[in-house]
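This report concerns only the one structure given below.
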């Protein structure tokens, strides 16, 4: 029985014999890799065509939102961003988290695809976008994310969001928790 335990060298040899597996470690038979490649290409091409048709319908029905979507995925932001962001001097008596909150909320007004939050410190480190709701399973339009208590989980989720593309995300924590 293998359940919960390593199969071991003898178990591997026995399984290879049962399945007629005559390949060296980490070798993938050409027939398997060829079939995998064809399947991926065919399924991918089909999915891409379906997506394009769906987006064309969306674009015809919601041209402004479709344009915003395209801009977000191309990393294009409003020209107003730089001019609208607050400017600070080193002599300003303002906590960095308060300054950050002002920057986040100003940027959120000109970047509709900006969202983010904190592990469990949003009220303390001021990572909430005002005048919006929370991102929840029943409400995907929210822009505030409650990542949970683990900063590592927050960082992993943020990396996934950025790798997907189309949105910009921010996160905040206190240095002592990193």
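Residue numbers (UniProt numbering): 1 to 178.
All residues carry an ideal CB built from backbone N, CA and C; glycine is no exception.
List in chain order: all unbroken alpha helix (DSSP H) runs of 4+ residues lying wholly within the stretch 53-134. Counting only runs of 4 or more residues that sit fully inside the stretch 53-134, the alpha helix (DSSP H) segments are 63-73, 80-84, 96-110, 122-125, in chain order.
How is the beta strand (DSSP E) around residue 172 delimited, first residue to last? Residue 172 -> beta strand (DSSP E) spans 168-172.
Whole-angstrom distance between residue 20 and residue 9, CA atom to CA atom: About 16 Å.
Which of the three DSSP states is assigned to residue 7 in this structure? Here residue 7 sits in coil by DSSP.
Using a Cβ-Cβ cutoff of less than 7 Å, which residues in the same chain neighbour residue 179 once the five nearest sequence positions on both sides are dropped? Any answer about residue 179 is impossible in this case: the structure gives the chain only from 1 up to 178.
Where do the N-terminal and C-terminal ends of the alpha helix (DSSP H) with residue 159 fall, by residue? Element bounds for residue 159: 151-164.
Three-way DSSP call (helix, strand, coil) for residue 146 in this model: The answer is strand: DSSP assigns residue 146 an E or B state.
Within 8 Å, strictly: CB atoms of residue 117 and residue 145: In this structure, residue 145 lies closer than 8 Å to residue 117 by Cβ.
If contact is defined by three or more beta carbon pairs under 8 Å, each pair taking one atom from either stretch, is the stretch 24-39 in contact with the stretch 129-138? No, they do not touch.
So does the stretch 61-77 actually touch the stretch 85-104, counting three or more Cβ pairs closer than 8 Å? Taking one beta carbon from each stretch, the stretch 61-77 and the stretch 85-104 have fewer than 3 pairs nearer than 8 Å; the two do not touch.
Residue 141 versus residue 135: straight-line alpha-carbon distance, rounded: Approximately 6 Å between the Cα atoms of the pair.
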